[in-house]
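In this note's numbering, the protein residues as written are -1 to 255. Glycine residues also receive a C-beta, built at the ideal position from the N, C-alpha and C atoms.
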Ligand code: IPD
Ligand code: CA
Ligand code: CA
């Protein structure tokens, strides 16, 4: 049986309940890298989602942030980020979400991102559109950088990697209305889909960060590519650039300079 968008929305809401219940509690922090942390709530949300996906859709493949790759039928692949915005969450900053994507035969067809504090469900079905709590989403009509509000993020290995995004950040900060850093790649893309941001780029994300929200942005009318303008924004070496088409062209020129 193929999943429906409604079923995935229900899973995202229930995982979001787990995040909301644990918010502003004292957390057990583990460090996966120098600045890359995980809380017990990431694990609880992921355990819930994996158990439900395996129970309802047995045999599926799942790519989940804390458990890695669970092998199954490659024609049915799930992308699970149980808590996107973990650093915010651990600091009590109210910007985080659950992200669930589903790909059929290698093409992402369903995506849901849920922000439990604002009760905002962003969702999309390929070819049918994107919605926020049932209301149709559209990207902004921005064409020029100087009036555009942009958003980006920085990878956890930014202390050591030459792909630290600092140079691009400096370029766009001098050309746009401003560049925000919210700390949740999935919400960055959903806010772009809702027209709250005009453009977004980032380097070195993982498939579970971008699969669902990338589809939501595409279905809201964004052009979503890597920073070289290629269609694949999921595979390593990963990068992403999302904006309405006219602005995308201008951002691409800045990234390629
Ligand atoms: C992170 C967030 C952040 C992005 C990082 C991601 P996490 O995901 O999406 O905005 O800049 O690169 O890894 O660790 O909070 O799930
Ligand atoms: Ca993430
Ligand atoms: Ca995460």
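- About 6 angstroms separates the CB atoms of residue 46 and residue 13; that is less than 8 angstroms, so the two are in contact.
- Taking C-alpha positions only, residue 39 is separated from residue 164 by approximately 31 angstroms.
- According to the DSSP assignment, residue 167 belongs to the alpha helix (DSSP H) that extends over 164 to 171.
- The beta carbon of residue 174 sits closer than 6 angstroms to those of 143, 146 and 148, all from its chain and outside the five residues before and after it, given in chain order.
- Assigned with DSSP and collapsed to three states, residue 72 falls in strand.
- Secondary structure in the segment 171 to 231: the alpha helix (DSSP H) runs of 4 residues or longer, each lying completely within the stretch, are 183 to 191 and 205 to 217 in chain order.
- Taking non-hydrogen atoms of ligand 3 into account, the C-beta of residue 40 is found less than 7 angstroms away from one of them.
- Across the set 235, 254, 240 and 209, the C-alpha of 209 shows the shortest separation from the C-alpha of residue 123.
- Judged by DSSP in its simplified three-state form, residue 151 adopts coil rather than helix or strand.
- Contact between residue 119 and residue 7 is confirmed by a C-beta separation of about 6 angstroms, below the 8 angstroms threshold.
- The DSSP-derived three-state label of residue 134 is strand.
- Contact annotation: residue 17 and residue 93 have beta-carbon atoms that are not nearer than 8 angstroms.
- Using a C-beta cut-off of 8 angstroms, the segment 229 to 248 makes contact with the segment 197 to 206, since at least three inter-stretch Cβ pairs fall below that distance.
- When only Cα atoms are considered, residue 108 and residue 238 end up about 19 angstroms apart.
- Excluding the 5 residues flanking it on each side, residue 83 has same chain C-beta neighbours closer than 6 angstroms at 93, 94, 181 and 182, in chain order.
- Straight across, the Cα-Cα distance linking residue 135 with residue 169 is about 29 angstroms.
- When secondary structure is reduced to three states using DSSP, residue 67 falls in the strand class.
- Beta-carbon to beta-carbon, residue 193 and residue 137 are separated by about 6 angstroms, close enough to satisfy the 8 angstroms threshold.
- Rounded to the nearest angstrom, the Cβ distance from residue 203 to residue 236 is 5 angstroms, consistent with a contact under 8 angstroms.
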